[in-house]
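As structure tokens, the structure follows; a few thoughts come after it.
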Amino acid sequence: MSIEIRPAQPSDAPQILAFITELADYEKARHEVIASVADIERSLFSEGATAHGLICLRDGVPIGFAVFFFSYSTWLGSNCLYLEDLYITPDQRGGGAGKTLLRHLAKIACDNDCGRFEWSVLDWNTPAIDFYKSLGAQPQEEWVRYRMDGKVLRDFAHGN
Numbered sequence: 001m002s003i004e005i006r007p008a009q010p011s012d013a014p015q016i017l018a019f020i021t022e023l024a025d026y027e028k029a030r031h032e033v034i035a036s037v038a039d040i041e042r043s044l045f046s047e048g049a050t051a052h053g054l055i056c057l058r059d060g061v062p063i064g065f066a067v068f069f070f071s072y073s074t075w076l077g078s079n080c081l082y083l084e085d086l087y088i089t090p091d092q093r094g095g096g097a098g099k100t101l102l103r104h105l106a107k108i109a110c111d112n113d114c115g116r117f118e119w120s121v122l123d124w125n126t127p128a129i130d131f132y133k134s135l136g137a138q139p140q141e142e143w144v145r146y147r148m149d150g151k152v153l154r155d156f157a158h159g160n
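Residue numbering for the sequence shown follows UniProt numbering, starting at 1 and increasing by one per position.
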């Protein structure tokens, strides 16, 4: 069976949203998905979009996706690649698609002189953690991720 990775296209937006929803279900966060197909089209495919998408296919059928963007490390003085989401449908896991998709992303990072390739994983997602460690990736346990969103973000931005 043939695995192919290709850049996402605007016509992939409905499939990407479906994969995002499946991923959110798996992560027990379906209620947090507010994105629409139009949001995906705008954020991934409009002029000046800073996020990029990949579609993973097996024998021509979409089985997963990745969304990534370039960040910057002041310590390295170089760009970095940040993987926002990677998802392979459950029935296709274990067949090399995830590793192929991650290797494709690593090549993009190298082709763009990125000093790092980073992502986050939920601390309870043992299958993903074990998979990433098997590839040589290491957790960065000394860093704690913070977030502002919604009303907190808007209030802070406006001095409230």
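Where is the CB? At the ideal position from N, CA and C, for every residue including glycine.
Remember, predicted model here, so these are calculated numbers, not experimental data.
Which class does residue 83 belong to by DSSP, given the choice of helix, strand or coil? As a working mapping, residue 83 is identified with position 83 in the sequence shown. Shown here, residue 83 sits in a strand according to DSSP, grouped into three states.
With C-beta atoms as the reference, is residue 16 less than 8 angstroms away from residue 33? Taking the first residue of the sequence shown as position 1, residue 16 is located at position 16. Taking the first residue of the sequence shown as position 1, residue 33 is located at position 33. Judged by their CB atoms, residue 16 and residue 33 are not nearer to each other than the 8 angstroms cut-off.
I need the straight-line Cα distance from residue 114 to residue 90, nearest angstrom please. Locating residue 114 in the sequence shown gives position 114, counting from the first residue. Locating residue 90 in the sequence shown gives position 90, counting from the first residue. In this model, residue 114 and residue 90 are separated by some 30 angstroms (Cα to Cα).
Could you name the residues of the same chain whose beta carbon sits closer than 6 angstroms to that of residue 55, not counting the 5 residues immediately before and after it, in chain order? By one-based count along the sequence shown, residue 55 stands at place 55. Closer than 6 angstroms at the Cβ level, and outside the excluded window around residue 55, lie 6, 8, 12, 62 and 65.
Considering just the uninterrupted stretch of the alpha helix (DSSP H) at residue 20, what are its terminal residues? For the purposes of this step, residue 20 is taken as the residue at position 20 of the sequence shown. Counting along the chain, the alpha helix (DSSP H) containing residue 20 begins and ends at 13 to 26.
Provide the residue span of the beta strand (DSSP E) that contains residue 3, from first to last. Along the sequence shown, read from residue 1 onward, the residue named residue 3 stands at position 3. Per DSSP, residue 3 belongs to the beta strand (DSSP E) from 3 to 7.
Could you tell me how far apart the beta carbons of residue 68 and residue 83 are, in whole angstroms, since I believe they sit closer than 8 angstroms? Taking the sequence shown and counting its residues from 1, one reaches residue 68 at position 68. Taking the sequence shown and counting its residues from 1, one reaches residue 83 at position 83. That pair is a contact at about 5 angstroms.
Whose CA, out of 109, 137, 110 and 159, lies closest to the CA of residue 120? Residue mapping note: residue 120 aligns to position 120 of the sequence shown, counting from 1. Check the Cα spacing between residue 120 and each of 109, 137, 110 and 159: the tightest is with 137.
From which residue to which residue does the alpha helix (DSSP H) around residue 35 run? Along the sequence shown, one-based indexing puts residue 35 at 35. From DSSP, residue 35 is part of no alpha helix (DSSP H); its letter is neither H nor E.
List the residues that DSSP assigns as beta-bridge partners of residue 66. Looking up residue 66 in the sequence shown gives position 66. DSSP output for residue 66 lists 54 and 86 as bridge partner(s).
Cβ of residue 19 within 8 angstroms of any chain B Cβ: The question asks about chain B, but that chain is absent: this structure has only one protein chain.
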